[in-house]
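Down below is the structure, laid out as structure tokens.
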Amino acid sequence: MTSYLSRLCPGALTLLLTGALACSGPSTMEKAEASVVDDSAGALVADNDELAVEDGATEEPAVTEHHKHHEHHSHEHAHPSQGHHDHAFKNPEDYVDRWNSPERDLWQRPAAVVEAMQIEPGMSVADIGAGTGYFIPHLVGQVGPEGLVYAVDMEDAMLRYIDDEARARGWVNVETVQARADASGLEPGSVDRILSVNTWHHIPEREAYARHLTSRLRPGGSVWIVDYDKDSPQGPPAQHRMTPEQIIAELEAGGFEAELHELTLERQFLVVGRLPR
Numbered sequence: 412m413t414s415y416l417s418r419l420c421p422g423a424l425t426l427l428l429t430g431a432l433a434c435s436g437p438s439t440m441e442k443a444e445a446s447v448v449d450d451s452a453g454a455l456v457a458d459n460d461e462l463a464v465e466d467g468a469t470e471e472p473a474v475t476e477h478h479k480h481h482e483h484h485s486h487e488h489a490h491p492s493q494g495h496h497d498h499a500f501k502n503p504e505d506y507v508d509r510w511n512s513p514e515r516d517l518w519q520r521p522a523a524v525v526e527a528m529q530i531e532p533g534m535s536v537a538d539i540g541a542g543t544g545y546f547i548p549h550l551v552g553q554v555g556p557e558g559l560v561y562a563v564d565m566e567d568a569m570l571r572y573i574d575d576e577a578r579a580r581g582w583v584n585v586e587t588v589q590a591r592a593d594a595s596g597l598e599p600g601s602v603d604r605i606l607s608v609n610t611w612h613h614i615p616e617r618e619a620y621a622r623h624l625t626s627r628l629r630p631g632g633s634v635w636i637v638d639y640d641k642d643s644p645q646g647p648p649a650q651h652r653m654t655p656e657q658i659i660a661e662l663e664a665g666g667f668e669a670e671l672h673e674l675t676l677e678r679q680f681l682v683v684g685r686l687p688r
């Protein structure tokens, strides 16, 4: 694990608010700003989501080096998914404007996703496939100054990008983590929540990976997976899209109790896996 002052994948973990939390007190972005220990900078880390399938699909670099296959612009990189198209993500600057675009908030609903995770101040949270860090600001706002956010990715360039952004923002409670295709790089029992956005379909051995994640979580921990609907106008090629039922089955095979979450997303779905009690 590489610890720095910060960092989609297609993820490393948010920028602008969707308004989903407008009625519930301070926004996650406001809380993120309040948790900054050093106000000597500003920048955000984010990822993006995949582009139109007709364009060959686009996914953000994920936690995998095999993610030299797609360019989904969202967290999309955690691992290579069998047969994805080749694409390298060596220059975050080439993707950040699109992946961190305010327009993404409208359908990705990052604030609502993070709110659903019921993150409490002081918790440790990991964003697997963090990319350019689209979800990081929201996670930082939720864990507060006493909590910790791990930005997990396989691409060195993405991790460096998030480190730089965290330094600029003054986020001293963000650490980047170098992952492999078959392992998150997280220490056993080190996190309370794991978020993986637009990344799960890239993982080659998902049941084994789910089992790996159970060992990274603390008692009462949970994993939250966001991925594309079959009929989404964006996302990976049709043959690489998954149903909620498939992901639920994989999480259960890995030792989780899993279900489709009720949160409504325009182009995606949210599956949660919880450790058995």
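Just so we're on the same page, the working numbering is the position in the sequence shown counted from 1, plus 411.
Beta carbons are placed, not taken as given, at the ideal position from N, Cα and C, and that holds for glycine.
Since this is a predicted model, take the numbers as computed values, not measurements.
{"Query": "Taking the DSSP output, what are the residues bridged to glutamate 668?", "Result": "Arg685"}
{"Query": "To the nearest angstrom, report how far apart glycine 665 and proline 687 are at their CA atoms.", "Result": "11 Å"}
{"Query": "If distances are taken between C-alpha atoms only, which option among Ile636, Ser626, Ser607 and Ile614 comes closest to glycine 544?", "Result": "Ser607"}
{"Query": "Taking only runs of the alpha helix (DSSP H) that begin and end inside the region 519–557, which ones reach a length of at least 4 residues, in chain order?", "Result": "521–527 and 547–554"}
{"Query": "By the three-class DSSP mapping on this structure, what secondary structure does leucine 674 have?", "Result": "coil"}
{"Query": "Return the chain-ordered list of same chain residues with a C-beta closer than 6 Å to the C-beta of tryptophan 721, the five sequence neighbours on each side being excluded.", "Result": "Nothing can be reported for residue 721, as the shown portion of the chain is limited to 412 through 688."}
{"Query": "Looking at C-alpha atoms only, which residue of Ala541, Thr654 and Asp593 is the closest neighbour of tyrosine 572?", "Result": "Ala541"}
{"Query": "Where does glutamine 519 land, buried or exposed, given buried means 16+ other C-beta within 10 angstroms?", "Result": "buried"}
{"Query": "Under the three-state reduction of DSSP, which class applies to glutamate 566: helix, strand or coil?", "Result": "coil"}
{"Query": "Would you tell me roughly how many angstroms separate the C-alpha atoms of valine 563 and proline 548, rounded to the nearest one?", "Result": "15 Å"}
{"Query": "Return the CA-CA distance between proline 644 and glutamate 677, expressed in angstroms with no decimal places.", "Result": "10 Å"}
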